[in-house]
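Residue 362 in this note's numbering sits at position 368 of the sequence shown, with consecutive numbering throughout. Ideal Cβ positions, reconstructed from N, Cα and C, are used throughout, including at glycine. Here the structure is laid out as structure tokens; the discussion comes afterwards.
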Amino acid sequence: MSNGGPEPRGGGIPATSFVPEAKPDGTVMSHPLIGPPPRPGLIGAVGRFELLRQIGEGGMGVVFLARDTMPPKRSEGATQLNGQAKEPVQSGRGEGALVALKLLPAELAANGRAVEYFLKEAEHAQRLRHPNILPVLESSGQAEGAWMVMRLAEGGSLAQLLEQGRPLAEDVIIRVATQIAGALEYAHGRGIIHRDLKPRNILFDGEGRAYLSDFGLARSLLNDVVLGLEQSDIAGTPQYQSPTAARGEHGDTRDDIYSFGAVLYEMLTGSAPYCGRTREEVLQQIREGPPRPILSLNPKAPVALVKIAEWAMARDLRDRYAHIGHVREDLELVAKGEEPKGPHGGTKGGLLSLLKRPKVVAGVAVVLLVCVGLGLTWLMRPSLRLWRRIELPDVHDWSLARCGRLSGITEPIFHVPGDGKLLSVSAQGQILAEWALPVGGHGLGLNVVEDINGDGSTDAIVHWRKGEESIISVVQYWRFETARYAARSRLAFEEPSKEEPATVLAPIGVFDLEHDGRFEVLAHLTSGKSQPRGVCCVRFPGEELLWTYHFGPWPLNSVAIDLDGDGMDELLVGSNGVNNGVDGPDGTDDKHSYLFAFGRDGKLIWKRCMGELHTMAVPIVTDLNNDGKKDILVWVTGPQEFWAEHGQKEIGPVVQLDYNGEELRHYDTRVRLHGCVTADLDGDGKQEVLLTDRLGYLHVLDSEFQLVRRVEVTPKKFTQVMLEFGGVGDMDGDKAPEIVVLSSQIEHVSGLNPGNPRGEQNVRVTHESVLVVLNARLEPLGTFAVLKGFPDNPKLRAELADVNGDGRSEVLVFGPSLMILRWDSRLGLAVRD
């Protein structure tokens, strides 16, 4: 093989074709799964696989060159994963095909965690079907041990290609790097971090195609529980580890990006970024500082590739690529002879460095003047643009989805109920896993997600019904139900009706009230227009019912706050005066809305009436004055058409209460509110209070509840403007907040009860729904049309999240589909897709 790149091979398979460490004497270890050789010239057999020789060995497996003596059949050798038999993945290979067979060492066969770890590697690879990921064809776990069969990479490894210590040719580097970046992008999109990227794990077939292999150290929603971070990192190769990993800290997908840059560094220089006599010496070097500059080792290295490697290996995460897809895009640009954009899409370093040059500044000024003269300044206006739309056959209402996180993955994960199952969906729209309701279960719902297990990944706290039971389940990693609490009730019917509604126990908040690592799930207890109605508190783990409290109004949201200064939290619960004629045993009714304050033992501390018929009291806990003390805000809303029917004045108040429930401050817009949030808009550390009303106005109050500004965001064209907050965050990377609101023009055609329509006249029509972005001065920056001419009132919800880990917020719109919108600053600057 020349040093210019991988070449097609013929003839025999080299002893080091899978991993470099080989046994030249051809000896083989003793293992209970290895049977006697079926014929001369072999060293043994595992099932139908004849072992030709041992070609590699590592801490978690021994690899053999093997021959498959027959085509795989569906009826043979069910793969054992997670205790469930699964059919082997079909490879399409025929009798006599050469494969690589990896066998768990005999001394680890009795270690259940090691067996699970080994099989998780197989499951990872079987899930990853990509042209540049070495496929695992079959796997099996038995009492005597475990094995997996992989495609044989007859072209050797990148480590062999670099054995001579010389840089590779530019075209080879670009081809190999682009293929491996694509493989990593695919794996990251399915929630898997490789964590051991190195030249030895990059293999080639006979045609020179690169493959990413060995997902044995991969972290994902499936195997973080198998080995602890310290244990698993010991097996990693130090020369390519990120500073985060070298410090023994939990990392994310950017660790893989760093390791990718380290591999690219070696392809450009012929040597690894760090070297030392011991593992600890290498790790210490990584912790202390960057490696020698690439150009000092190879002055002839292509500058564009050097930039990509250095960006990928940036020690500050803000300067490193946030997404491996951006690396792949830059490699493709270099392949076409263009300049790479870098981690910030060319919007930071390149532009700023250009603007430091006087001639360039003068040129830019002339161009801008020309643009103004030609009326083309619209090119410089920022805007929202659709980056991705996610639609799945089993998901009909994305407004039910909740945004969660997966340990080590920078991108959010979406938890969404489908047809009788809970789906886990990546930001790329891939279904990562699903959990189906048990037989007989129905009415699946999801209100909250939280990391109950303390592993850095969110668990879904779902509710559902079965027979006479109303059930709360904790679903870990979106596949495994780890805890369940069930409450029996005579009102829990299989087929509830208006006359006989089902009792529903639905979580509305998850808290660690005593700060002891145990979580309390607060759930509302409702049965339509009758009792029981109230809240109950269940502790997880342990599934222990702590207390139940019954009252009259319909329970809404809950927040936690330390009311008595003992370092532990109490609960505030808002409610809705739905006017069903329900009276509570505590003297409350559902003709009013209340705010309740409960102790950790469920005893009522105080309650305060917040409104009359058809009002909803929604509590918020925040630190208004930045004095380290939490403040209680309550905003009140409701359907103004019902207020008019009952002769009530239209209101729109927000109230600040003290810890005894007494009013401190009060502001009333006198118009129905649609939203209330707090944010520091002017950078003084104090929170402003932001309110939206049904006429399309945004109100800003200071921390003393004095009106600072009131602006019309969307003119009202019909009955009302449903102006709801999507969030406040930095969307353009300038460290200043932007405000996102979702504006919908609503027309009440006739009637007052859209939940019980009588013919075509009693409907609400949504004429248009538009996202609006404003700056901190409430100046409009851009809009995006979400829906137009919708025949009824669609369920829409917007929120902000950093989807690609670049420190800037994207807008998520949950509705009939999930839309991910990104901010385009225009000005001729590139924006990553």
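When DSSP labels each residue in this structure, what does residue i get in the three-state scheme?
{"i": "Ile814", "result": "strand"}
{"i": "Val567", "result": "strand"}
{"i": "Asn551", "result": "strand"}
{"i": "Phe254", "result": "helix"}
{"i": "Gln120", "result": "helix"}
{"i": "Gly727", "result": "coil"}
{"i": "Met716", "result": "strand"}
{"i": "Pro411", "result": "strand"}
{"i": "Leu345", "result": "Note that Leu345 has pLDDT 41, beneath the 50 cutoff, so the model's placement of it is unreliable and the number below is only indicative. Of the three classes helix, strand and coil, the one that applies to Leu345 here is helix, per DSSP."}
{"i": "Asp662", "result": "strand"}
{"i": "Met261", "result": "helix"}
{"i": "Lys782", "result": "strand"}
{"i": "Trp372", "result": "The pLDDT assigned to Trp372 is 42, lower than 50, so where the model puts this residue is not dependable, and the model offers no usable value."}
{"i": "Tyr691", "result": "strand"}
{"i": "Ser393", "result": "helix"}
{"i": "Tyr543", "result": "strand"}
{"i": "Ser290", "result": "helix"}
{"i": "Ala308", "result": "coil"}
{"i": "Ile280", "result": "helix"}
{"i": "Tyr180", "result": "helix"}
{"i": "Ile857", "result": "Since the first residue of the chain shown is -5 and the last is 827, residue 857 is not available in this structure."}
{"i": "His742", "result": "strand"}
{"i": "Pro237", "result": "helix"}
{"i": "Leu794", "result": "strand"}
Do residue j and residue i count as a contact pair if the criterion is CB distance below 8 Å?
{"i": "Glu475", "j": "Ser464", "result": "no"}
{"i": "Arg527", "j": "Ser521", "result": "yes"}
{"i": "Ile502", "j": "Val442", "result": "yes"}
{"i": "Lys460", "j": "Gly434", "result": "yes"}
{"i": "Val456", "j": "Gly439", "result": "yes"}
{"i": "Phe58", "j": "Leu27", "result": "no"}
{"i": "Asn126", "j": "Ile168", "result": "no"}
{"i": "Asp674", "j": "Gln681", "result": "yes"}
{"i": "Leu516", "j": "Val529", "result": "yes"}
{"i": "Ala140", "j": "Leu191", "result": "no"}
{"i": "Thr713", "j": "Glu741", "result": "yes"}
{"i": "Leu262", "j": "Val297", "result": "no"}
{"i": "Val767", "j": "Thr708", "result": "no"}
{"i": "Ile446", "j": "Val504", "result": "yes"}
{"i": "Val648", "j": "Leu685", "result": "yes"}
With 16 other CB atoms within 10 Å as the buried threshold, where does residue i fall?
{"i": "Ser884", "result": "Residue 884 cannot be examined here, being either before or after the span of the chain that is shown, -5 to 827."}
{"i": "Asp62", "result": "buried"}
{"i": "Asp388", "result": "exposed"}
{"i": "Asp453", "result": "buried"}
{"i": "Ala39", "result": "buried"}
{"i": "Gln739", "result": "buried"}
{"i": "Lys782", "result": "exposed"}
{"i": "Asn798", "result": "buried"}
{"i": "His436", "result": "exposed"}
{"i": "Leu746", "result": "Here Leu746 scores only 47 on pLDDT, less than 50, and its place in the model should not be relied on; the value that follows carries that caveat. Its Cβ having fewer than 16 others within 10 Å, Leu746 is exposed."}
{"i": "Gln700", "result": "exposed"}
{"i": "Ser811", "result": "exposed"}
{"i": "Asp563", "result": "buried"}
{"i": "Lys585", "result": "buried"}
{"i": "Gly622", "result": "exposed"}
{"i": "Asn573", "result": "buried"}
{"i": "Thr760", "result": "buried"}
{"i": "Gln158", "result": "exposed"}
Query raised in the report: Where are the beta strand (DSSP E) runs, 3 residues long or more, that stay fully inside the stretch 439 to 525, in chain order?
Result: Within the stretch 439 to 525, the complete beta strand (DSSP E) runs of at least 3 residues are 453 to 460, 463 to 470, 474 to 482, 498 to 505, 513 to 521.
Query raised in the report: Can you list the beta strand (DSSP E) stretches of 3 or more residues lying completely in the stretch 40 to 65, in chain order?
Result: Within the stretch 40 to 65, the runs of beta strand (DSSP E) at least 3 residues long that lie entirely inside it are, in chain order, 43 to 52, 55 to 62.
Query raised in the report: Does the stretch 201 to 210 touch the stretch 252 to 270, meaning 3 or more C-beta pairs lie closer than 8 Å?
Result: Taking a cut-off of 8 Å on C-beta distances, the stretch 252 to 270 does not touch the stretch 201 to 210, as fewer than three cross pairs fall below it.
Query raised in the report: Within the chosen definition, does the stretch 569 to 576 reach the stretch 541 to 558 through at least 3 CB pairs nearer than 8 Å?
Result: Counting Cβ pairs under 8 Å, three or more are found: they touch.
Report task. For the stretch 575 to 649, list the alpha helix (DSSP H) runs that are entirely contained and at least 4 residues long, ordered along the chain. Result -> Complete alpha helix (DSSP H) runs here, min 4: 634 to 639.
**Report entry** Touch test, the stretch 150 to 165 against the stretch 390 to 400, Cβ-Cβ under 8 Å, three pairs minimum
**Finding:** Three or more beta-carbon pairs separated by less than 8 Å are not found between the stretch 150 to 165 and the stretch 390 to 400, which leaves the two stretches without contact.
Query raised in the report: Is the stretch 249 to 261 close to the stretch 317 to 337, with three or more CB pairs under 8 Å?
Result: With a cut-off of 8 Å on Cβ pairs, the stretch 249 to 261 is in contact with the stretch 317 to 337, counting three or more such pairs.
Report task. Take every Cβ of the stretch 717 to 731, pair it with every Cβ of the stretch 800 to 820, and state whether three or more of those distances are shorter than 8 Å. Result -> The stretch 717 to 731 vs the stretch 800 to 820: in contact.
Report task. State whether the stretch 771 to 778 contacts the stretch 280 to 290, with contact taken as three or more CB pairs (one from each stretch) at a distance under 8 Å. Result -> Under the Cβ criterion (8 Å, minimum of three pairs), the stretch 771 to 778 does not count as touching the stretch 280 to 290.
Query raised in the report: If you scan the stretch 91 to 169 from start to end, which runs of the alpha helix (DSSP H) of 4 or more residues do you find wholly inside it?
Result: Within the stretch 91 to 169, the runs of alpha helix (DSSP H) at least 4 residues long that lie entirely inside it are, in chain order, 106 to 121, 152 to 155.
Requested in this report: Please determine if the stretch 636 to 651 and the stretch 577 to 586 are in contact, where contact requires at least 3 C-beta pairs separated by less than 8 Å.
Outcome: With a cut-off of 8 Å on Cβ pairs, the stretch 636 to 651 is not in contact with the stretch 577 to 586, counting fewer than three such pairs.
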